Amino acid sequence: MTPRSHQRRRKIIPLALVGVLASASVPNAVAATTEVEPNELEIAGAALSRHAATQGMVLLENSDSALPLARTGNVAVFGVGSYVTVKGGTGSGSVNNRYTVNVLTGLEDAGYLLTTSPGYSTPMRAAADAAVSGTTGIFGGVDYAGAEVALTPETVLPTAPTDTALFVIARNSGEFNDRRSGKGDYQLNDIERANIALLGKTYAKVIVVLNTGGIMDTSWYSAINAASEDPAGGQPLDALLLMSQAGQESGHALVDVLTGDVAPSGKLTDTWASSYTYYPASQTFASNDGDSLHEAYTEGLYVGYRYFDSMYEKLAKNPDDVVRYPFGFGLSYTTFDIRAGKVEADSDTVTVRAKVTNTGTSAGAEVVQVYVSAPQKGLDKPYQELEGFAKTDVLDPGQSQEVTIEFKLAELASYSESRASWVLEGGDYIIRVGNSSRSTHVATKLNVSSTVITERLSNQLDGATFDELTSNPANFYSYEGEATEIAAAQTVNLNAASVKTVNNASDRAQRIQVPTTSPLYPIDGTLVSSTTALIDPAQTDWSGSGAPYVAKEGEKIKHVQTDPGATLYDVAKGELTMEQFVAGLSNEQLANIVEGAGTTGSTLMLATGSGGYTTSRYENLGIPGLGLQDGPAGLRLTQSSTSRGVTTYQWATAFPIGTMLAQTFDPDLITEVGEAIGKEMAEYGTTLWLAPSLNIHRDPLNGRNFEYYSEDPFVSGIASVATTLGIQKTPGRGVAIKHYAANNQETTRTTSDSQISERTLREIYLKGFEMSVKGAAPMSVMTSYNYVNGTYAAANYDLIEDVLRGEWGFEGLVMTDWGAGPRAGAPAVMYAGNDLIMPGNNPTEVVTAVQKLNVDIDGSGLPVYISRTTASNGRTSYTWQWGSFSPSATGTETVSTVVNSTSDLTALKSQFVDVDVINNETVTAHPGFASVDAAYTEVTTLLGGSALTAAQRAAITVTDVVRQDPADTASPVVSYTVNVRGGYPARGVAMRLGDLQRSAVNILTVISQSAPFEQLAETQGVDGISVAPYADQFDLTRFLDSQVGEPTTEPTPKPTPTPTPTPKPTQSATPWTPSAPYTIPGTHQINGRTWLTTCSRYSQTERCRTEIWASTVARDASGRFSMKQGWAFNNQTYLPYMTRAQWAKNPLGHAGEWRATDGRQWRTECDTAATGRGACRSYTMTTVYKATPKAGGGYTFSQQNEWVFNNIVMFRR
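Using mature numbering (1 follows the signal peptide of the UniProt record, and there is no 0), the letters of the sequence shown map in sequence onto residues -31 to -1, 1 to 1182.
Okay, structure coming up:
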């Protein structure tokens, strides 16, 4: 994606924060600060979070221009979400930010008077507080709907006059749990629905706000409107706004949009159906069918709008009732005209141009979307697919802007399993341009002369073989005039012979045959990959075995010369190859490198509360530890901590959720957010951000959909690319795109099997990851918990080695999700190319997998252990040194140890590790035992507690207990025997040294390009080490190149048609003659100026509004002045169809001063020289901005409050 040719016009709202202090600079690493006040980075992050939130809100309904609200006045606010506004989802995607602005605060800060009855607000707040306080930890969910309080005819009334009510519906979800389709989650509960209905009957204007991270039922909106009327006889509900989950500035951002300070321009990234049951996976998703362990993706390609558009005619008796809000939909406060322009195509790129004109009366931005319908022959294909989009600048009324959208021709291809290739089939590709999936028009036909293969691959993914859903063009969505548009469309011809076929088939296929008795057979069957072990030619005693290393099946040995004094700095300087360096590392060193670790040994300042770390044990070798931080709505850090008497703070920004960022349809803005997070990573000392998350919204009930972008892989891929590019602009910082792959439910995410065809995987569930790798070069990829077609994703060689690395060319590191490694086992994980096991802390599992080691027995007779106590959660865990031995009560081998007076009870190997709140580790050796009895006491205590698993405890028995006084059971024990039963792998060890070394190479390559590597070098006085932005070394693919031209204004303003009042008001008894410009509708040229007057019925008279084409001065919220040209309000004239007596109760009809309900001051004068006899003129006190030309050019701006003419009332005589 290329930068725009100019800056998009934005309104940034600065935060009212005081006491700003810049954070202190640390030469080698900047981490937590001791300053409690916000620094410049935090303030900038908050402002950007607020702006991004305004761009992602989606206006779903807006009857009679209910929005925007007047900028001041009274408003009654209801709904739990107004008080406990949800900034984002729960789990690892949560952010520990300094504050979250709720909706109530946002309105109050904007100057609104809240008129909600305390009879409602007081119990609602108490219930909400109780609901929130009842949750614990980052994974706790809050029942927001359950905290709602029923309104009564008394408590619904405002405490001060207002005709406007706001109701905020809150929902949340997160890690470990999927949502529910019933009331209180996907649907409103009874109290919520009744409250909204009552508000509609009580207030003339009711706006409902959805504070939710995903789709929910909205059928109630039309049902309530059909069931009753508001006090004025209109519909009860007037506007529906998807606020989403907008980050820490939620309340402020919402008010920016409600008032029109920022016009809504967000678009849906999902299809909102009228019922959950319409979604294709709804019957079988998670536990809906009673089987959450098997997820058969039988809908195939037909996810989201692909499904609703392609199955349109068969979904319901009235197909139009199925989709309430289509993919890509979103209203504005203004209107736009989109006209498709020239379309061009060559062998690489398709270019679509369009002109967007603001045809309304207020400023706004629009998103132009390009969809393509492929020829319906050969492979089954959906009705249409999104291929590109562009967001305009903020356009004033009458302004136009040209947009150019370029996308790759190859993206029109479909994957053919029979050919193992991406195939561009011959025929007409219908290119459609519009502003949603259900609002497009045909721009052109792109005719590909014949079928051509764009990319050759090989089938890798053991795709499921069940029958998938297919489409029939007879059921496709259509609209009136579509066939005529297609027939009349110009054809752009493309000779298929010009299209180049590339061969990207993986060269890492598994071709080595092994017997069923092989230790590799349980990993991936009879065919395994080849690998290379790096061995020094002088080696004769590999890892203390007494013999040279012997290659395992599928393994070759490559001799490389090592240097015992080598460091990673030597590799970075080109003085040593990475292979030479890795060949010189021991098994233990390799194991620690591929296993996550604590911060033991680190001299760098790493972020407190990181999700995990890589090892810091080998700083002497130039290998720093890296901090890995949860995301994707910002950095989830510990807010404050005290260690060694010093309190430090880490205030990270909570940005809008992933779905909301995608709803901006603005890759440049998403990149800007990513860049801001990258700066915070540098500030607090974290290297890898565990984000972005780009799994597909397969079903609305997925608990983590808020983290993910869309139902559409192209939108997901573009958003991920934009985020990654932004983060990785900061040198030495990177991302871990996740969860690779097909992680689409939370109910049994660690054990469920996603069963998907090869084509569906490639076109829907892998596409965004492919775009991310090729378009942004992420530093790392995180695999998911689930199985994919029967194989754990973390141990899926096809996904990782063949597709990710072999086909897409990924060169970073691959890590497991937290705890996923042990489920598959270290040998399988390393074999598959999953380099880093997180959170790790068990290098022994790797060492014993690559080399047979005996169980290490300590002086007590039990295996050696490491006891780790973590201050942040108070938990103590144990790691036991079993070696290659597997404890089992039914094992065939027994290791027996007699402990008596001859035993050495002082030199024990076990250790105690204490981890403080900022992850400093203190290691203490076991003090040993003063007596056999003391040793016996520890053994029985450990066997009786939770230090060992049930299976481990069952494998250990204590026998032959001898007491000092055999007759006294209370006398000290002087001898006992510990028996550990189990066995060693019958097949032998399963991990190949080459696989382990390959993973270490991948990890160390990333580390050598990380910021901590440069910082460690500086700390250690090593010259010549610097790191650059990670992606700078790669040639990246541009999947979308959207450009916008400069806004232009039509030279001749178009007059607005004048409605004719019916019936016509009573004519004035005294004849009067209409005069231009105030009382004659239309456009007028007077004294060289252009005037526009429109007239409409008002009560029993007619009101004419006059505007003038002029240069005006505006001032944004940051205090900046600017000039623009456009229509400016001049005055309103009420024609003489009502008598003075009929105007008597209206302050516009008699002299005097008054203050309106919105707080504005007014003055009316009647029958004066200015008004003439039989008329009144009204003025309002207004802040006026003026521009005075300067002698040397430019303007001097000023402002002052003064009376400004607003309207005139003419009386009937």
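Quick reminder that beta carbons are idealized off the backbone N, C-alpha and C, glycines included. Given the structure is predicted, the values throughout are model-derived calculations rather than measurements.
As assigned by DSSP and simplified to three states, the class of residue i
{"i": "SER390", "result": "strand"}
{"i": "TRP787", "result": "coil"}
{"i": "ASN589", "result": "helix"}
{"i": "LYS1023", "result": "Residue placement at LYS1023 is poorly supported in this model, since its pLDDT is 46, which falls under 50; the coordinates are not used for a value here."}
{"i": "TRP241", "result": "strand"}
{"i": "PRO249", "result": "coil"}
{"i": "MET629", "result": "helix"}
{"i": "GLN370", "result": "strand"}
{"i": "ALA969", "result": "helix"}
{"i": "LYS521", "result": "coil"}
{"i": "GLU1076", "result": "strand"}
{"i": "SER1147", "result": "strand"}
Proximity of residue i and residue j at Cβ, strictly below 7 angstroms
{"i": "VAL44", "j": "VAL137", "result": "no"}
{"i": "ALA645", "j": "GLY14", "result": "yes"}
{"i": "ASP315", "j": "GLY672", "result": "no"}
{"i": "ASP668", "j": "ALA250", "result": "yes"}
{"i": "VAL1173", "j": "THR1151", "result": "yes"}
{"i": "GLY25", "j": "PRO625", "result": "yes"}
{"i": "ARG67", "j": "TRP620", "result": "yes"}
{"i": "GLU544", "j": "LEU503", "result": "no"}
{"i": "ALA222", "j": "ALA232", "result": "no"}
{"i": "PHE1003", "j": "ALA746", "result": "yes"}
{"i": "GLY703", "j": "THR640", "result": "no"}
Other residues of its chain near residue i: CB distance less than 7 angstroms, five sequence neighbours each side excluded
{"i": "GLY115", "result": "ALA100, GLY153"}
{"i": "LYS170", "result": "SER197, ASP199, PRO205"}
{"i": "LEU717", "result": "It should be pointed out that residue 717 corresponds to Thr in this sequence rather than to Leu. Counting only Cβ-Cβ distances below 7 angstroms, and skipping sequence neighbours, we find SER261, LEU262."}
{"i": "residue 1185", "result": "Since the first and last residues shown for the chain are -31 and 1182, residue 1185 lies out of range."}
{"i": "GLU123", "result": "GLY88"}
{"i": "VAL402", "result": "ILE307, ALA309, VAL321, ALA323, VAL337, VAL339, THR409, HIS410, ALA412"}
{"i": "SER846", "result": "ARG837"}
Cβ-based neighbour list, residue i, same chain, cut-off 6 angstroms, excluding 5 preceding and 5 following
{"i": "ARG731", "result": "TYR384"}
{"i": "PHE47", "result": "PHE136"}
{"i": "MET280", "result": "ASN444"}
{"i": "THR104", "result": "VAL111"}
{"i": "LEU877", "result": "ASP827, GLY828, HIS895, GLY897"}
{"i": "PRO808", "result": "GLY565, GLY581, TRP787"}
{"i": "VAL529", "result": "LEU503, GLU548, GLN549, ALA552"}
Cα-Cα separation between residue i and residue j, rounded to whole angstroms
{"i": "TYR618", "j": "LEU606", "result": "9 angstroms"}
{"i": "LEU638", "j": "VAL64", "result": "20 angstroms"}
{"i": "ALA623", "j": "GLY1128", "result": "35 angstroms"}
{"i": "GLN370", "j": "ASN1170", "result": "35 angstroms"}
{"i": "LEU82", "j": "ALA173", "result": "17 angstroms"}
{"i": "ASP883", "j": "TYR834", "result": "14 angstroms"}
For residue i, the residue or residues it bridges with in DSSP
{"i": "THR434", "result": "DSSP, once it has assigned bridges, lists no residue as partnering THR434."}
{"i": "HIS410", "result": "VAL402"}
{"i": "ARG932", "result": "VAL942"}
{"i": "ASP902", "result": "Answer is none; ASP902 lacks a bridge partner."}
{"i": "MET751", "result": "MET784"}
{"i": "LEU179", "result": "ILE138, LEU211"}
{"i": "PHE1166", "result": "ALA1156"}
{"i": "ARG425", "result": "SER390, ASN472"}
Residues near residue i in its chain [Cβ-Cβ closer than 8 angstroms; skip 5 each side]
{"i": "ASP112", "result": "ALA100, GLY153"}
{"i": "GLN485", "result": "Before going on, a small fix: residue 485 reads as Thr here, not Gln. Same-chain partners within the cutoff: THR495."}
{"i": "SER865", "result": "THR946, VAL947, ASN948, VAL949"}
{"i": "VAL471", "result": "THR423, GLU424, ARG425"}
{"i": "ALA764", "result": "ILE492, ALA793, GLY794, ALA797, VAL798, TYR800, ALA801, ASN803"}
Min CB distance residue i to chain D below 7 angstroms
{"i": "MET751", "result": "Annotation note: the requested chain D is absent from the structure, which comprises a single protein chain."}
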